[in-house]
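Just so we're aligned, residue 301 is where the sequence shown starts under this note's numbering, counting upward by one.
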Amino acid sequence: VSLTATDATATELPGNPGTYRISRDGNSGNLTVNLTITSASTASATDYTLSSAPSGSNLTVTIPNGQSFVDVTLTPVLDALVESTETATLNLASGSYGINPAQTTATVNIEDAPVVSLSIPDNIVNEHIPNSGSFRITRTGATAQALTVNYTIAGTATNSIDYTTLTGTATIAVGQASVDVVINPTNDTIDELDEIIQITLAAGSYVTTSPSNTGSLTISANDPTVSITPINASQVEGDAGTSAYSFLVSLSHISDETVTVDYQTADGSATVVDSDYIAVTPTTLTFNPGTTQQTIAIPVRGDAQFETDETFGVALSNVTKGSISAAVGTAIGTIANDDGVSSYAFSSAQFFAAEGNATNTSQVVVITRSGNINIASTIDVLLTPGTASAGIDFVAGTVRLSFAVGQTVIVVPIDLFSDTRSEGDETIGLTLLNPSFGSVVGTQAQATLTLVNDDLLPVYDFAASNFRVSEGNGSNTVWLPVTRSGNLFRASFVQVQVYSGSGIAERDFVGGVIAVYFAEGQSTGWLPIQILGNSEYEADKVFTLSFVGFSEEGSYGSQTQASVTIVNDDTLFRRGGGRSGYRG
């Protein structure tokens with residue numbers, strides 16, 4: 301006895317069972333054959349029926365006398381469960397016959413029937429926009445083959461009149477799980493009620509289940525579309541009070557019914573908080589039959605403040621007997637600025653300030669503001685070194701100045717580090733930058749502040765025009781007075797050049813350049829001169845002193861040179877016998 305599957309594929313859909321064949325050698329006599337349903341089968345007893353009813357997992361069939369085989373038919377049970385392909389396997393069991401070892405088992409595959417359902421992804425259908433809607437037909441299971449789905453059409457809308465023709469069938473393409481049945485409404489001029497399209501899935505090579513086998517959508521009647529546009533795209537605000545910004549609200553066509561729509565304002569760059577305009581809460585506008593246009597006004601507040609052009613919106617909502625235009629359901633009003641700008645400038649290209657003798661704040665640099673002075677504003681002044689040194693003569697950096705409403709002049713405070721050092725005038729660079737919004741820098745954007753030195757110069761003089769000193773015997777130092785007048789606030793020194801005259805340097809004195817030092821507050825300094833004395837009787841010797849330099853800026857007085865006389869202090873004498881000599 302042999303067992304084969306002559307039709308190894310069955311589907312849940314009617315008309316496609318599977319078949320097992322039990323065959324024998326010869327055909328004489330009745331032969332009872334025992335079979336079992338293997339436990340490895342994935343299909344259960346509820347998934348199919350057999351033409352020979354089993355008893356549990358056992359099955360007995362009889363090959364009648366005169367036949368060499370008998371067929372057992374497997375018929376799947378049609379259900380709405382989404383399942384994968386299942387198997388039912390029969391095995392030959394022992395009996396009063398031999399078993400062909402090559403054909404002891406056979407399997408029939410049970411393929412699931414697709415479950416088809418209906419959904420509505422887009423149920424908004426309007427005649428006058430127009431806007432299409434759609435029904436979506438979706439299948440489960442394999443997509444290797446195309447599937448044609450049948451449907452019926454019902455409802456108050458008429459096929460081919462109120463919408464483009466539907467055929468009653470839709471095909472889900474190979475590789476696709478769904479197909480959309482698109483409803484394209486016919487835009488007519490008939491003032492009619494909303495109409496309904498209903499689709500119900502009909503029988504076919506698939507399974508459908510309620511309630512997902514039917515659906516409906518509504519074609520909105522040919523109601524007007526409501527739109528809003530500004531009458532003037534841009535309008536100046538004025539300097540005070542309010543002005544009306546007008547908007548035109550329109551219907552796309554005449555309606556035989558009353559149409560209402562609400563409008564309200566919304567902040568843009570213009571805001572109610574900043575007093576740019578007066579808010580309008582939702583307000584209803586009514587169009588009586590035959591009316592297609594109306595004007596609304598939004599009050600805008602004027603001011604004298606410079607600002608960029610600002611915008612606010614007016615939006616439509618809550619329309620009855622119509623729809624709001626998707627493109628122009630909101631209008632933008634532009635408030636055009638009509639105010640001038642503030643302009644900053646230094647009042648002069650040059651400013652002068654005494655440096656003083658202690659740290660102080662200069663108040664001489666002035667900035668003027670012209671143009672629109674009806675706003676508060678700010679400007680920065682950048683202080684940079686010229687010949688003055690940052691951190692030594694002044695505090696460098698940026699100074700921010702604030703102008704109040706109506707203010708036209710402001711003084712720049714500049715911190716100076718003053719000293720008592722006599723020096724040349726020094727300069728600080730001034731630059732205007734970073735004007736606040738609504739302000740600009742004028743033509744005089746840069747200036748110079750000169751720190752005028754107000755310190756006296758130290759004045760140096762020799763205390764006498766001639767000094768007389770004794771030469772002595774051997775090297776000795778004499779101290780000659782040098783006076784300092786004027787600025788005594790700092791320590792300083794003056795340099796003196798010692799020149800030969802009848803007195804010769806390095807023979808009668810030590811020459812060269814010698815510094816005379818003055819402590820803070822000291823008015824007299826002492827010049828050290830080394831005299832090279834001897835015991836030789838000789839005439840007085842003279843050499844010259846002259847100022848040649850300072851430790852810092854200063855000046856010479858009237859006595860810039862002096863002479864020094866080395867007075868001979870040796871004695872000439874005579875001895876008896878006509879001899880003479882000298883005594884030191």
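Glycine residues also receive a C-beta, built at the ideal position from the N, C-alpha and C atoms.
| Query | Result |
| --- | --- |
| Simplified DSSP state of Asp693, which is helix, strand or coil | coil |
| Between the CA atoms of Ala626 and Pro485 - distance to the nearest angstrom | 18 angstroms |
| Thr514 versus Ile437: straight-line alpha-carbon distance, rounded | 10 angstroms |
| Tyr817, buried or exposed, once every other Cβ within 10 Å from all chains shown has been counted against 16 | exposed |
| From Ala696, Val695 and Ile710, residue whose alpha carbon lies closest to that of Ser702 | Ile710 |
| Cβ pair Thr309, Gly318 closer than 8 angstroms | yes |
| Whole-angstrom C-beta distance between Leu845 and Gln861, which should lie under 8 angstroms | 6 angstroms |
| Where Tyr577 sits in the DSSP three-state scheme | strand |
| Residue from Ala388, Asn450, Asp488 and Asn487 with nearest C-alpha to Thr342 | Ala388 |
| Those residues which DSSP pairs with Gly812 across a bridge | Val798 |
| Segment contact flag, the stretch 556 to 569 with the stretch 655 to 669, C-beta cutoff 8 angstroms, min 3 pairs | no |
| Bridge partners - Phe885, DSSP secondary structure assignment | The structure shown does not extend to residue 885, since the chain is modelled only from 301 through 884, so no value can be given for it. |
| Environment of Ser417 [buried if 16+ CB atoms lie within 10 Å] | buried |
| Same chain, Cβ closer than 8 angstroms to Arg879, five either side skipped, listed in chain order | Reliability fails at Arg879, whose pLDDT of 48 lies under 50, so the model's placement of it is uncertain and no value is given. |
| Secondary structure of Glu610, DSSP reduced to three states | strand |
| Asp761 vs Ser858 beta-carbon contact at 8 angstroms | yes |
| Uninterrupted beta strand (DSSP E) stretches inside the stretch 448 to 521 (no shorter than 3 residues) | 469 to 472, 478 to 483, 495 to 501 and 514 to 520 |
| Sub-8 angstroms separation of Tyr348 and Leu374 beta-carbons | yes |
| Secondary structure of Lys841, DSSP reduced to three states | strand |
| Exposed unless 16 or more other CB atoms sit within 10 angstroms - verdict on Thr346 | exposed |
| Bounding residues of the beta strand (DSSP E) (the contiguous stretch that carries Arg439) | Gly433 to Arg439 |
| Exposed unless 16 or more other CB atoms sit within 10 angstroms - verdict on Pro421 | exposed |
| Residue(s) in a DSSP beta bridge with Asp422 | Ser434 |
| Within 8 angstroms, strictly: CB atoms of Leu749 and Leu733 | no |
| Buried or exposed by the 16-neighbour rule on C-beta atoms within 10 Å, applied to Arg883 | Since pLDDT at Arg883 reaches only 48, below the 50 mark, its modelled position is unreliable, and no value is offered. |
| Which residues DSSP lists as bridging Gly825, in chain order | Val782 |
| Identity of the residues DSSP links to Val619 by a beta bridge | In DSSP, Val619 forms no bridge with anything. |
| Sequence-distant residues of its chain with Cβ nearer than 6 angstroms to Ala763 (five each side left out) | Pro781 and Thr783 |
| CA-to-CA distance, Glu852 to Ala815, given in whole angstroms | 13 angstroms |
| Cutoff 6 angstroms; reference Gln746; Cβ partners in own chain excluding five residues on either side | Thr731 |
| Burial state of Gly825 (16 or more Cβ within 10 Å) | buried |
| Straight-line gap, Thr684 to Val813 (C-alpha atoms, nearest Å) | 41 angstroms |
| Check whether Asp576 and Glu610 have beta carbons under 8 angstroms apart | yes |
| Spatial distance of Ile363 from Thr443 (CA atoms) | 41 angstroms |
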